[in-house]
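Numbering (the working numbering), first residue to last: 297 to 526.
Idealized CB from N, CA, C, for every residue including glycine.
Since the model is a prediction, treat every value here as computed from it, not as a measurement.
For reference, the structure discussed in these notes is given below.
This is the structure in structure tokens:
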């Protein structure tokens, strides 16, 4: 497959304003989503969470000339096992809802794009967001994906969506897991997966929001993502 990509070792000066929206030169500037309603469930106390036992690899920033060719079979089932410094959780991908987003996620995962990537924005009771090797929330793989919105699956706890900028067709590599019901996101962000095991691990990911706290502690990182097809 004729992919040309640049590899740049992670090195970011400064933190960009972060939101569920994301952007860089190929994506519109980031905008904050509406402030979520107070969570209906209590965040997991950090003392109840396992301490990191394995260090993630160093992240690298990769860019691609275009979106990957369609290599998944929408009629098959795909599972992603995400190993993080806090533990492991499993996502069932939904090619029936968003084939292009699932295809991109599978490609990037298999290429090691997410290895070492930080959960750069984690708001208890709202979302845990990752997918940007730069760790700023403004990174992109070099291509964007068209919106594949649906109202078939509402944003309840554990639903996985694609972050984007103000343009509906500006999603790239960033994604988020909802930590509680987030109905304000329904039909506005592409749903491409659901957490089917290990939601307790997701809720243990270190909370941080550099947009309101530039001195936020380092976030938890992804060690690896394994994709299975059945």
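Proximity below 8 Å, CB of residue i to CB of residue j
i, j, result
"residue 410", "residue 424", "no"
"residue 475", "residue 403", "no"
"residue 487", "residue 498", "no"
"residue 368", "residue 518", "no"
"residue 400", "residue 441", "yes"
"residue 521", "residue 418", "no"
"residue 381", "residue 348", "yes"
"residue 443", "residue 465", "yes"
"residue 357", "residue 435", "yes"
Burial state of residue i (16 or more Cβ within 10 Å)
i, result
"residue 412", "buried"
"residue 462", "exposed"
"residue 513", "exposed"
"residue 508", "exposed"
"residue 459", "buried"
"residue 526", "exposed"
"residue 510", "exposed"
Sequence-distant residues of its chain with Cβ nearer than 8 Å to residue i (five each side left out)
i, result
"residue 495", "385, 453 and 454"
"residue 392", "370"
Cutoff 6 Å; reference residue i; Cβ partners in own chain excluding five residues on either side
i, result
"residue 355", "306, 412, 413 and 429"
"residue 427", "469, 470 and 471"
Whole-angstrom C-beta distance between residue j and residue i, which should lie under 8 Å
i, j, result
"residue 478", "residue 420", "That belief does not hold up - the Cβ atoms of residue 478 and residue 420 are roughly 12 Å apart, past 8 Å."
Beta-carbon contacts of residue i that lie in its chain and below 7 Å, excluding the five residues immediately before and after
i, result
"residue 405", "376, 521 and 523"
- Which runs of the beta strand (DSSP E), 3 residues or longer, sit entirely within the region 360-433? Whole beta strand (DSSP E) segments, 3+ residues: 374-380, 383-389, 417-419 and 423-426.
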